[in-house]
Amino acid sequence: MALVNPTISILGQDPGHRRRCNINANAFQQDAVVTFQGWQYAVFYSYMCKDHHDEPLYIHLARRKLPHASKESQASAWEVVVFDDYPQTTDDGHNTVQIGICPGDGTIHLAYDHHCDVLRYRQSVPNLALTPDDFQWRPSLFSPALSHLPGLPTTHAPFKDVTYPRFGFLGSSNMFLSFRDGKAGLGNDHLYMYQAADGEAGRYAYMGQHLTGIQSNPYVNGITYTQRDNRLHITWVYRGFVHYAGWDEPLDTKHKQQAGPNGAENNHDLCYAYSEDLGYTWRNGNGEVIADLKAKNTTAGTEIKSTVTNSTSGIVAFKIPKGSGLMNQEAQAVDSEGRVHVLNRDCLACPDSDDDGSDTSNMQVKWKHYFRDPLDGKWTCHALPITPGTRRGRLAAVPTSRQDTNAPSETYIILPGSDTDSIFRILKASSKDNYTTYSQVWSSHQMGLKLAGEPLVDSSRLEFDLVLSVFCLREHGVLGQETGDEGSKGDKNLPQRDVVVLDFELPCTDTRFAVDAM
């Protein structure tokens, strides 16, 4: 069944004069859009004034009340605040902005502008997301920019070298934050827990270095907490390090170049682990304990290490060699039955497929849907019928009906356009046939839309009202044509871009998603 065309809401203007790399709508933003208690929040960079297309950029944070919360037929208009105390000036697509919400105290958290940089962070007053109607939306509800996490010392070493921060719900009342230290091909991932406190501001605790790269670094597809079984799931790929002149100099910045010896051609292996105690103890796909972040002894011969490394037993779901087209930080989702889904790409034959891999004359990179059976732990791989470009896609696991526990699980795959077109496509697959059929259920071409960036999905809204909200960029017109402002670089023919949210109402017979059932 095809999806009905979405409603489109505009958050603001994308900085279209920056084309080295998008700074909005990047796949490694775990959350740029998130729903909590009937309100949706989105974060992005834009100009201070819509009529001035020039540097610097500023963080914009938007919120709106959703129909299920207000019992109205449509969502309210976006309210947007601008943090004018921090100008963003670095033209680097890594330096995105992320949002997190702690369910225990309703604080909203932002981390922004990182590519091997000192931590940049701020958080709101308590209860802002718990009782949003009680607060007028304004920047003063947030702390000033901080270079440390509350509760931890400013001298905490990982704060000096941050890339790819990501937030997420953790249990019923806490929130996690993770980020990478080091550089491309030579770094580790660190994990923190923000704990709500009664009557006072919450504090962060450092949980540990959960992923360690040995002459490599882990690139995380996603970290997903599932309340059904109290598990924290993580998938990642490794990137091997290639030494270059000056790599060990303290002021080295060559690794920040988005080209060079430590690129995606050195990505290898799809890996998986999970935790049943909020991220302290980690298990491989066979259920064996492989790391305890509380362990003190990590010397050779120790049974349980304090971190997961490249050589940890049982973490590799698919052995994928370097040079196979494997992308870093594409997409992950976990469905209601506990299946872990990963979207990535490679040029290998899928195990158990009709292609035995003997014909290597055309090593074409294909998008792949990898998924893990929660009962026996077996991983399966299927190639998608669409050839990928350089942009990365997203996954959305639809909640299973609580009225029909035998209903099949459905997964939507949101794919961006190739390098030569701006057509977004949505595919649907089902557990009914073990995800062997991928049907296209929507294309931006049918609405005449030109979409850009890498799509992001509000997975928490899917749980709330079964609406698939997709955060991306929409192209139209010519940059500066309305004001005569051609931007700082005189890019006369670049299309103007808006940061938008597409809302797809998914078909469902589950009455818990009906407005009048609330």
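First residue of the sequence shown: 2, per our numbering; consecutive thereafter.
C-beta atoms are modelled at their ideal positions from N, C-alpha and C, and glycine is treated no differently.
Here the structure is a predicted model, which is why all the values come from computation and not from measurement.
Quick check on C22: buried or exposed, where buried means 16 or more other Cβ atoms within 10 Å of its Cβ? Within the sequence shown, residue 22 is the residue found at index 21, counting from 1. Here C22 is exposed: its Cβ has fewer than 16 other Cβ atoms, across all protein chains shown, within 10 Å.
Quick one: what's got a C-beta closer than 6 angstroms to L120's C-beta in the same chain, skipping five residues either side? Within the sequence shown, residue 120 is the residue found at index 119, counting from 1. Correct list, in chain order: S148, F160, V163.
Using a Cβ-Cβ cut-off of 8 angstroms (strictly less than) and excluding sequence neighbours within five positions of G315, which residues of its own chain qualify? Taking the first residue of the sequence shown as 1, we reach residue 315 at position 314. Within the same chain, N285, G286, N287, E289, I291 come within 8 angstroms of G315 by CB-CB distance, once the 5 residues on both sides are set aside.
For K295, three-class secondary structure by DSSP: Residue mapping note: residue 295 aligns to position 294 of the sequence shown, counting from 1. In this structure, K295 counts as coil in the three-state DSSP scheme.
Using CA coordinates, which residue listed in R64, V309, P68 is at the minimum distance from E80? Indexing the sequence shown from 1 puts residue 80 at position 79. For E80, the nearest C-alpha among the options comes from R64.
Of the residues T91, V98, A78, V243, which one's Cα is nearest the Cα of F84? The residue given as residue 84 occupies position 83 in the sequence shown. Looking at the Cα atoms, V98 is the closest of the given residues.
Could you say which of Q216, A332, Q137, D92 lies nearest to G241 if we only look at CA atoms? Numbered from its first residue, the sequence shown carries residue 241 at position 240. Relative to the Cα of G241, the nearest Cα in the group Q216, A332, Q137, D92 belongs to Q216.
When we look at the beta-carbon of T254 and count the other beta-carbons within 10 Å, is it buried (16 or more) or exposed? Within the sequence shown, residue 254 is the residue found at index 253, counting from 1. Label assigned to T254: exposed.
In this structure, how does DSSP classify L187 when only helix, strand and coil are distinguished? The residue labelled residue 187 in the question sits at position 186 within the sequence shown. Three-state DSSP puts L187 in a strand.
Note down, in chain order, each residue of its chain lying with its Cβ closer than 6 angstroms to the Cβ of S431, except the 5 sequence neighbours on either side. If you number the sequence shown from 1, residue 431 lands on position 430. Contacts found: P409, E411.
Are three or more beta carbon pairs between the stretch 327-341 and the stretch 305-312 nearer than 8 angstroms? Under the Cβ criterion (8 angstroms, minimum of three pairs), the stretch 327-341 does not count as touching the stretch 305-312.
Is L385 closer than 8 angstroms to L428 when the C-beta atoms are compared? On the sequence shown, position 427 is the one that residue 428 refers to. On the sequence shown, position 384 is the one that residue 385 refers to. If you check the CB distance, L428 and L385 come in under 8 angstroms.
According to DSSP, which residues form a beta bridge with R181? As a first step, residue 181 is located in the sequence shown; it is residue number 180 there, counting from the start. Residue pairing for R181: DSSP places it in a beta bridge opposite T164, D190.
Taking all protein chains shown into account, do 16 or more other C-beta atoms lie within 10 angstroms of the C-beta of G454, making it buried, or fewer, making it exposed? As a position in the sequence shown, residue 454 is number 453, starting the count at 1. Label assigned to G454: buried.
Around the Cβ of M2, are there at least 16 other Cβ atoms within 10 angstroms (buried) or fewer (exposed)? Locating residue 2 in the sequence shown gives position 1, counting from the first residue. M2 should be labelled exposed.
DSSP state of T484 mapped onto helix, strand, coil: Numbered from 1 along the sequence shown, position 483 holds the residue referred to as residue 484. Residue placement at T484 is flagged as unreliable, the pLDDT there being 46, under the threshold of 50; the coordinate-derived value follows with that caveat. Note: T484 maps to coil in three-state DSSP.
Put L142 into one of helix, strand or coil per three-state DSSP. Position 141 of the sequence shown, counted from the start, is the residue given in the question as residue 142. L142 falls in the helix class under three-state DSSP.
Please state whether the Cβ-Cβ distance between L349 and I321 is less than 8 angstroms. In the sequence shown, the residue the question calls residue 349 occupies position 348. In the sequence shown, the residue the question calls residue 321 occupies position 320. Yes, the Cβ-Cβ distance between L349 and I321 is below 8 angstroms.
Rounded to a whole number of angstroms, what is the C-alpha to C-alpha distance between H383 and Y413? As a first step, residue 383 is located in the sequence shown; it is residue number 382 there, counting from the start. As a first step, residue 413 is located in the sequence shown; it is residue number 412 there, counting from the start. Looking at the two C-alpha atoms, the distance is approximately 14 angstroms.
Would a check of beta-carbon distances place S74 closer than 8 angstroms to chain B? The structure shown contains no chain B, having only a single protein chain.
Select from E476, L171, S312, N231 the residue whose C-alpha is nearest the C-alpha of S337. Along the sequence shown, one-based indexing puts residue 337 at 336. S337 has its Cα closest to that of N231, out of E476, L171, S312, N231.
Length of the line joining the Cα atoms of G485 and H53: On the sequence shown, residue 485 is found 484 positions in, with the first residue counted as 1. On the sequence shown, residue 53 is found 52 positions in, with the first residue counted as 1. Low per-residue confidence applies at G485: pLDDT is 48, beneath 50, and the placement is therefore not dependable, though the value from the model is reported in the following sentence. Distance between the alpha carbons of G485 and H53: 10 angstroms.
For I102, I'd like the list of residues in its chain whose CB is within less than 8 angstroms of its CB, leaving aside the five on either flank, ordered along the chain. What you label residue 102 is simply residue 101 of the sequence shown in a count that begins at 1. Closer than 8 angstroms at the Cβ level, and outside the excluded window around I102, lie V35, F37, Y42, T108, I109, H110, A130, F168, F170, M176.
So Q31 packs on G188, CB below 8 angstroms; how close in whole Å? Stepping through the sequence shown from its first residue, residue 31 is reached at position 30. Stepping through the sequence shown from its first residue, residue 188 is reached at position 187. Actually they do not touch by this definition, with Cβ atoms about 17 angstroms apart.
Compare the C-alpha of Q228 against each of P151, L279, D466, G17 and name the closest. Stepping through the sequence shown from its first residue, residue 228 is reached at position 227. Nearest option by C-alpha distance: L279.
Would you call the CB atoms of V335 and L507 closer than 8 angstroms? Counting from 1 along the sequence shown, the entry for residue 335 is found at position 334. Counting from 1 along the sequence shown, the entry for residue 507 is found at position 506. Going by C-beta atoms, V335 is not nearer than 8 angstroms to L507.
Which residue from G214, A206, L233, R346 puts its Cα closest to that of E266? Position 265 of the sequence shown, counting from 1, holds the residue named residue 266. Distance from the Cα of E266 is smallest, within the candidate group G214, A206, L233, R346, for R346.
Kindly indicate which residue of E201, L450, L474 has the alpha-carbon position closest to the one of V458. To locate residue 458, count along the sequence shown from 1; it is residue 457. The option with the nearest alpha carbon to V458 is L474.
Please list, in chain order, all residues of the same chain as P88 whose beta carbon is under 6 angstroms from its beta carbon, the five residues on each side excluded. The residue you call residue 88 lines up with position 87 of the sequence shown. In chain order, P57 place their CB closer than 6 angstroms to the CB of P88, counting only its own chain and leaving out the 5 sequence neighbours on each side.
Boundaries (first-last residue) of the beta strand (DSSP E) holding R284: Within the sequence shown, the letter at position 283 stands for residue 284. It spans 282-284 - the beta strand (DSSP E) in which R284 sits, taken as one unbroken run.
Of the choices T225, K379, R393, L212, whose alpha-carbon is the least far from that of T313? Taking the sequence shown and counting its residues from 1, the one referred to as residue 313 is at position 312. Distances from the alpha-carbon of T313 to those of T225, K379, R393, L212 put L212 closest.
Applying the criterion that 16 or more other CB atoms from any shown protein chain within 10 Å of the CB defines a buried residue, is M247 buried or exposed? Within the sequence shown, the letter at position 246 stands for residue 247. Rather than Met, the amino acid found at residue 247 in this sequence is Gly. Burial state of G247 is exposed, judged by a 10 Å Cβ sphere holding fewer than 16 other Cβ atoms.
How far does the alpha helix (DSSP H) with E464 in it extend, from its first residue to its last? Numbered from 1 along the sequence shown, position 463 holds the residue referred to as residue 464. Annotation for E464: the continuous alpha helix (DSSP H) segment containing it runs 460-466.
Smallest Cα separation from V502: which of L495, V471, G478? Within the sequence shown, residue 502 is the residue found at index 501, counting from 1. Nearest of L495, V471, G478 to V502, Cα basis: V471.
Verify whether the separation of the beta carbon atoms of R426 and P375 is less than 8 angstroms. Sequence index remark: in the sequence shown, residue 426 carries index 425 (1-based). Sequence index remark: in the sequence shown, residue 375 carries index 374 (1-based). With contacts defined by Cβ atoms closer than 8 angstroms, R426 and P375 do not form a contacting pair.
Check whether the Cβ atoms of H477 and Q447 sit closer than 8 angstroms, and answer yes or no. Your numbering for residue 477 matches position 476 in the sequence shown. Your numbering for residue 447 matches position 446 in the sequence shown. Going by beta carbons, H477 and Q447 fall outside the 8 angstroms limit.
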